[in-house]
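Asker:
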Amino acid sequence: MIELRDIHKAYGHIEVLKGISLTARRGDVIALIGSSGSGKSTLLRCANLLEIPQRGDIVFNGDTVRWANKLKGRQPADKNQVRRMRTNLSMVFQQFNLWAHMTVLQNVTEAPVSVLKKDPQLAEQQGRELLEKVGIGDKCDQYPSQLSGGQQQRAAIARALAMEPAAMLFDEPTSALDPELEAEVVKVIKTLAAEGRTMLIVTHDMKMAFDVANHVIFLHDGVIVEQGTPEHVFQQTQSERLQQFLHATGTIG
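In structure tokens:
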């Protein structure tokens, strides 16, 4: 479903990603963990072409991104290819990014109608169903400012699902929430994982990574230090750096 091959990304002289490769097959839930500055979010943004890697290949659903060298450096050669990929690869951000001037339901239905050209009545029906699915069906006519942080994040997840994506990317979906609101969002993500959805999740929540993912990747200083099943990464790690990280996060005593 998603394959990243030898991804390199630098900002000036600062090398953030130093040749990272990963493969997410259909139904995989991959958790990306690591300390701040390890490259997790940058890698996720490269997968969705919100950041352009200087080296490496990105393959989505068997379609390899074609590159062109331009005055501003390496860029995707085919805008239509990028549009197709982003339409099928929905991203949920840390700060929700809902449109403040639209109701919750309008936030969910806008892209299916304008991008997918879906019938507005059908989009509204499906939007209401998705908001029910994430537990805020009674908030359809409210605006984002009237919702709690957890409700806003669940609305953002419903909006991503409305595009009927082949895979989903989550960038620290719970880090801006207090523990109670965080639990609301984790419950939704667990439901999506149980449905067999393909997901890449950047998270600081080690419990969620253990409970939800079938594969965990630990990044440090722009490289993959260790990866494997949750049981291996959290209970049988051989990496001293990962052990330090897990101690610091309180995952192991």
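Counting with the working numbering, you get residues 35 to 287 for the letters of the sequence shown.
Every residue, glycine too, gets a C-beta built ideally from N, C-alpha and C.
Predicted, not measured: the structure shown is a model, and the values here were computed from it.
#1: I'd like to know whether the C-beta atoms of Phe204 and Val126 end up nearer to each other than 8 Å.
#2: Does the separation of the CB atoms of Glu49 and Gly262 fall below 8 Å?
#3: Taking buried to mean at least 16 other C-beta atoms within 10 Å of its own C-beta, is Lys43 buried or exposed?
#4: Can you check whether the C-beta of Gln155 is within less than 8 Å of a C-beta belonging to chain D?
#5: When you compare only the Cα positions, how much space is there between Ile67 and Leu77?
#6: From the DSSP output, in three-state form, read off Val257 for me.
#7: Determine the direct distance from the alpha carbon of Leu234 to that of Ile36, and round the result to whole angstroms.
#8: Name the DSSP bridge partner or partners of Arg108?
#9: In terms of DSSP beta bridges, what is Asp97 paired with?
#10: Work out the CA separation of Gly53 and Asp91 for me, nearest whole Å.
#11: Please say whether Val222 and Arg193 have beta carbons closer to each other than 8 Å?
#12: What did DSSP end up calling Ser124 once you bin it into helix, strand or coil?
#13: Determine the closest residue to Ala227 out of Asp40, Ser55 and Gly61, with distance taken between C-alpha atoms.
#14: What residue from Ser55, Glu85 and Asn131 has the CA that sits closest to Gly183's CA?
#15: Does Ile223 come out as helix, strand or coil in the three-state DSSP assignment?
#16: Among residues of its own chain, excluding the 5 on either side of Asp97, which ones have a beta-carbon nearer than 6 Å to its beta-carbon?
#17: Which two residues bound the contiguous alpha helix (DSSP H) that contains Met242?
#18: Would you call Arg79 buried or exposed, if buried means 16 or more other Cβ atoms sit within 10 Å of its Cβ?
#19: Is it true that the CB of Pro207 sits closer than 8 Å to the CB of Gln128?
#20: Taking C-alpha atoms, which residue in Tyr45, Gly46 and Ala58 lies nearest to Arg39?
#21: Rounded to the nearest angstrom, what separates Gly287 and Leu181 at their Cα positions?
#22: How big is the Cα-Cα spacing for Pro178 and Asn141?
#23: Out of curiosity, what's the CA-to-CA distance linking Met136 and Gly171?
#24: Can you look up Ser55 in the DSSP assignment and give me helix, strand or coil?
Answerer: So, to answer that:
#1: Yes.
#2: no
#3: buried
#4: In the displayed structure, chain D is absent; only one protein chain is listed.
#5: 12 Å
#6: Looking at Val257 - three-state DSSP - the assignment turns out to be strand.
#7: 9 Å
#8: Asn103
#9: Phe94
#10: 10 Å
#11: no
#12: strand
#13: Gly61
#14: Asn131
#15: helix
#16: none
#17: Met240 to Val246
#18: buried
#19: yes
#20: Ala58
#21: Residue placement at Gly287 is poorly supported in this model, since its pLDDT is 47, which falls under 50; the coordinates still yield a value, given next. Approximately 37 Å, taken between the alpha carbons.
#22: 9 Å
#23: 16 Å
#24: Residue state, collapsed to three classes: strand.
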